[in-house]
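Chains as they are written, first to last, in numbering that gives the first Met the number 0: chain A, 0 to 176; chain B, 0 to 183.
Think of the CB as a built atom: it goes at the ideal place given N, C-alpha and C, for glycine as much as any other residue.
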Amino acid sequence: MNPDEHELEQFLDRALNEYSEVSARDGLEQRILANLTANPAEPRNRWGWVLIPAAAVLIVVAVLWLQTEKKAPTPPVAKTAIPSAPSIATNRTQPFVAVKRGRSHRPLPRAAGLVKTTPRLATFPSQPDESQARMLLQFVQGSPKAAQQVVKEEEEFQKLVAENFKDSKTEQGLEMR
Amino acid sequence: MSAAAMASRENILEVGQTASVTIEDLVREHARTVFRVAYSVVRNHADAEDVSQETFLRATRHGRLKAIENPRAWLVKIAWRLALDRVRRAPDEPLDDVADRLRSAEGSLDEALSQEQRTRLLRRLIATLPSDLREVIVLSTVEEMANADIAQALGIPEVSVRGRALRARQMLKQKLAAWLEKKR
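Structural data, given as structure tokens:
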């Protein structure tokens, strides 16, 4: 078979007309409606796409506002002239001192009144020995005469020591002259 | 009918006169066209009916049916896309019997073949067309689809529909001639 142009046209016309020439089974509309009734589709909420981002933005703004409210107010900055740092040119007369890098061990300045300074005692513990004091008291109460005697001897001993110390000093002065 | 089904039916009717009545009108008026468009792509009754059901289900989700200017073109567009999703590639149907018939037959070309054979041959030829020409020629085979409806469904100007339909027809003729020459 060797069809000509007209035959090809005729074939295409017929084939194209038949291509979608089909009829659905009876009751197509009823089946579709029954399906729609069985599966009711909720209409899409178009406002949802607007409300959700709007709510999110509001929440973010509220959180930011609360955070800024919680922050303590910063003190106002005084508008005073800032002393300019001494330039290198002005300090040329001073000898150059190498700065040791590293951690500074300079003590921190103590705030006045904050740290209570107490005098350091010569002996530790600072309180007197109570046992010795108690024994001395018992000795004085038990034998007051003996105690008086001890005190008198102690005084005499101190006088003798003082006199001897004075004599030795005068002798040393004479020798130096 | 169960209580749940009754409730859902009442719910549909209560959605408002706009939604329920309009969708029913759309189904009664355009279900056959939607079915044929779906069939032109999927090429079997069961799939074409499934696509039709899905098309109207999606239409009910739209909510504002009254705002649609051309409901037929709009429904065809939905059905067309759903059908294409279902059938991404046409199966290669055998055409040996068609070739044998043409070799032995006498008389005109269109009378030598049965309707089923003609459709199978045309389907094979359409499948070889570029996609932009293919979709126009397939939609133009649906009786109810005017060029304006096709243009709206595909989102192209009406002039393009006419041009593509003409080019598609010319290409089909060339391919048919080549196929016949090859099988002779």
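Anticipated Cβ contact below 8 angstroms, residue i with residue j, distance rounded
i, j, result
"GLU17 (chain A)", "THR118 (chain B)", "6 angstroms"
"LEU175 (chain B)", "LEU124 (chain B)", "6 angstroms"
"THR140 (chain B)", "SER19 (chain A)", "4 angstroms"
"ALA98 (chain B)", "LYS182 (chain B)", "4 angstroms"
"ALA78 (chain B)", "VAL137 (chain B)", "Between VAL137 (chain B) and ALA78 (chain B) the Cβ distance is about 12 angstroms, and since that is not below 8 angstroms, they are no contact."
"HIS44 (chain B)", "ARG24 (chain A)", "7 angstroms"
"PHE138 (chain A)", "ALA146 (chain A)", "6 angstroms"
"VAL185 (chain B)", "LEU94 (chain B)", "Residue 185 (chain B) cannot be examined here, being either before or after the span of chain B that is shown, 0 to 183."
C-beta contact flag for residue i and residue j at 7 angstroms
i, j, result
"ALA72 (chain B)", "ASP131 (chain B)", "no"
"ALA150 (chain B)", "GLU157 (chain B)", "yes"
"VAL40 (chain B)", "VAL86 (chain B)", "yes"
"PHE55 (chain B)", "VAL36 (chain B)", "no"
"ALA111 (chain B)", "LEU120 (chain B)", "no"
"LEU108 (chain B)", "PHE10 (chain A)", "yes"
"VAL30 (chain B)", "LEU27 (chain A)", "It should be pointed out that residue 30 (chain B) corresponds to Ala in this sequence rather than to Val. Cβ distance < 7 angstroms, so ALA30 (chain B) and LEU27 (chain A) count as in contact."
"ARG161 (chain B)", "VAL135 (chain B)", "no"
As assigned by DSSP and simplified to three states, the class of residue i
i, result
"ALA111 (chain B)", "helix"
"ASN43 (chain B)", "coil"
"ILE155 (chain B)", "coil"
"ARG161 (chain B)", "helix"
"VAL26 (chain B)", "helix"
"PRO129 (chain B)", "coil"
"SER19 (chain A)", "coil"
"SER139 (chain B)", "helix"
"PRO2 (chain A)", "coil"
"MET144 (chain B)", "coil"
"ASN38 (chain A)", "coil"
"ASP12 (chain A)", "helix"
"SER130 (chain A)", "helix"
With 16 other Cβ atoms within 10 Å as the buried cut-off, status of residue i
i, result
"MET134 (chain A)", "exposed"
"VAL160 (chain A)", "exposed"
"ALA58 (chain B)", "buried"
"SER142 (chain A)", "exposed"
"PRO39 (chain A)", "buried"
"VAL57 (chain A)", "Reading off the sequence shown, one finds Leu at residue 57 (chain A), where the question assumed Val. By the neighbour-count rule (16 or more Cβ atoms within 10 Å), LEU57 (chain A) is not buried but exposed."
"ILE22 (chain B)", "buried"
"PRO52 (chain A)", "exposed"
- Residue ranges of each alpha helix (DSSP H) run of no fewer than 4 residues wholly in the region 46–106 of chain B, ordered along the chain? 70–85 and 95–103
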